[in-house]
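What follows is one structure encoded as structure tokens, with my remarks underneath.
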Amino acid sequence: MVDLDAFAEECKAALKADNTTKIVEGLVKKVIADPEGLEKAFAQRKTGNSLVDSIVFNDDDLTIISIDTPPGLQSPAHNHNMWAVIGVYDGEENNRFFQDADGDLRQTGERNLKTGDVAVLNPKAIHAINNPVKKVTKAIHVYGGNILNRPGRSIWNPDTLEREDYNIPNLTAYTNQLSRPL
Ligand SMILES: [Fe+2]
Numbered sequence: 000m001v002d003l004d005a006f007a008e009e010c011k012a013a014l015k016a017d018n019t020t021k022i023v024e025g026l027v028k029k030v031i032a033d034p035e036g037l038e039k040a041f042a043q044r045k046t047g048n049s050l051v052d053s054i055v056f057n058d059d060d061l062t063i064i065s066i067d068t069p070p071g072l073q074s075p076a077h078n079h080n081m082w083a084v085i086g087v088y089d090g091e092e093n094n095r096f097f098q099d100a101d102g103d104l105r106q107t108g109e110r111n112l113k114t115g116d117v118a119v120l121n122p123k124a125i126h127a128i129n130n131p132v133k134k135v136t137k138a139i140h141v142y143g144g145n146i147l148n149r150p151g152r153s154i155w156n157p158d159t160l161e162r163e164d165y166n167i168p169n170l171t172a173y174t175n176q177l178s179r180p181l
């Protein structure tokens with residue numbers, strides 16, 4: 000069984016270090032090494048089916064959340080405006096990375112996270128994710144801030160590729176538009 004309270008305390012302690020994301024990366028690697036224990040620990044805390052119900056910890060400096068991604072889901076490009084560490088403990092999460100040079104969104108890389116993989120995103124990272132496998136992908140996400148309320152976040156319109164202010168209705172509409180059943 001994974002102790003999520005202890006995990007949150009270790010992440011909080013890492014915020015005070017110079018190499019915060021390196022430490023959090025190690026902590027995430029450790030908890031996803033026990034996928035069944037992690038899933039049980041998340042299930043015990045989950046209070047419902049919305050994203051907010053899956054939050055383990057959330058304040059202005061740190062958010063810890065479990066995110067399940069259905070098969071074929073594809074998100075639009077978006078930023079977080081804070082560092083993020085993502086650890087996949089079941090399934091796969093494909094990440095495309097972008098840069099926005101004066102309004103010109105260009106893909107700069109791609110990484111398919113498989114079970115057991117961890118990605119560290121810097122605060123300026125722009126990514127779009129999709130689940131390429133025929134099963135729900137399960138991941139732990141740790142963010143260096145309050146992911147539920149962060150000024151300066153953007154989302155890129157999939158049709159025009161124009162930058163827009165991030166908001167949940169747009170994220171949901173674009174995700175529904177891009178996602179395909181597998
Ligand atoms: Fe993201």
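Residues 0 to 181, numbered by numbering that gives the first Met the number 0, are exactly what the sequence shown covers, in order. Built from N, CA and C at the ideal position, the CB exists for glycine as well.
Look up residue i in the DSSP assignment and give the residues it is bridged to.
i, result
"residue 118", "85"
"residue 97", "106 and 125"
"residue 140", "64 and 85"
"residue 176", "Bridge partners of residue 176: none, in fact."
"residue 164", "153"
"residue 147", "Looking at the DSSP assignment, residue 147 forms no beta bridge with any residue, so it has no partner."
When the cut-off is 8 Å and only beta carbons count, does residue i lie next to chain C?
i, result
"residue 154", "In the structure shown, chain C does not exist; there is a single protein chain."
Mind checking whether residue i and residue j have CB atoms under 8 Å apart?
i, j, result
"residue 44", "residue 104", "no"
"residue 185", "residue 147", "Only positions 0 to 181 of the chain appear in the structure, and residue 185 is not among them; the question remains open."
"residue 82", "residue 121", "yes"
"residue 13", "residue 23", "yes"
"residue 101", "residue 162", "no"
"residue 75", "residue 177", "yes"
"residue 30", "residue 1", "yes"
"residue 49", "residue 65", "no"
"residue 89", "residue 34", "yes"
"residue 87", "residue 46", "no"
Once the 5 residues before and after residue i are set aside, which same chain residues still bring their CB inside 7 Å of it?
i, result
"residue 164", "153"
"residue 151", "80"
"residue 9", "26"
"residue 11", "61"
"residue 167", "none"
Going along the chain, which residues of its own chain have a beta-carbon closer than 8 Å to the beta-carbon of residue i, five neighbours each way excluded?
i, result
"residue 18", "none"
"residue 77", "125, 126, 127, 152, 153, 154, 155, 165 and 170"
"residue 111", "91, 92, 93, 94 and 131"
"residue 174", "72, 73, 74 and 75"
"residue 7", "55, 56, 61 and 63"
"residue 16", "22"
Might you give, ordered along the chain, the residues of its own chain that have their beta carbon closer than 6 Å to the beta carbon of residue i, omitting 5 neighbours on each side?
i, result
"residue 60", "14"
"residue 67", "135 and 137"
"residue 71", "178, 179, 180 and 181"
"residue 85", "118, 138 and 140"
"residue 143", "81 and 82"
"residue 96", "107, 108 and 126"
Determine the burial state of residue i: buried for a count of at least 16 other Cβ atoms within 10 Å of its Cβ, exposed for fewer.
i, result
"residue 108", "exposed"
"residue 42", "exposed"
"residue 159", "exposed"
"residue 40", "buried"
- Uninterrupted alpha helix (DSSP H) stretches inside the region 20 to 59 (no shorter than 4 residues): If you keep only unbroken alpha helix (DSSP H) runs of at least 4 residues inside the region 20 to 59, you get 34 to 44.
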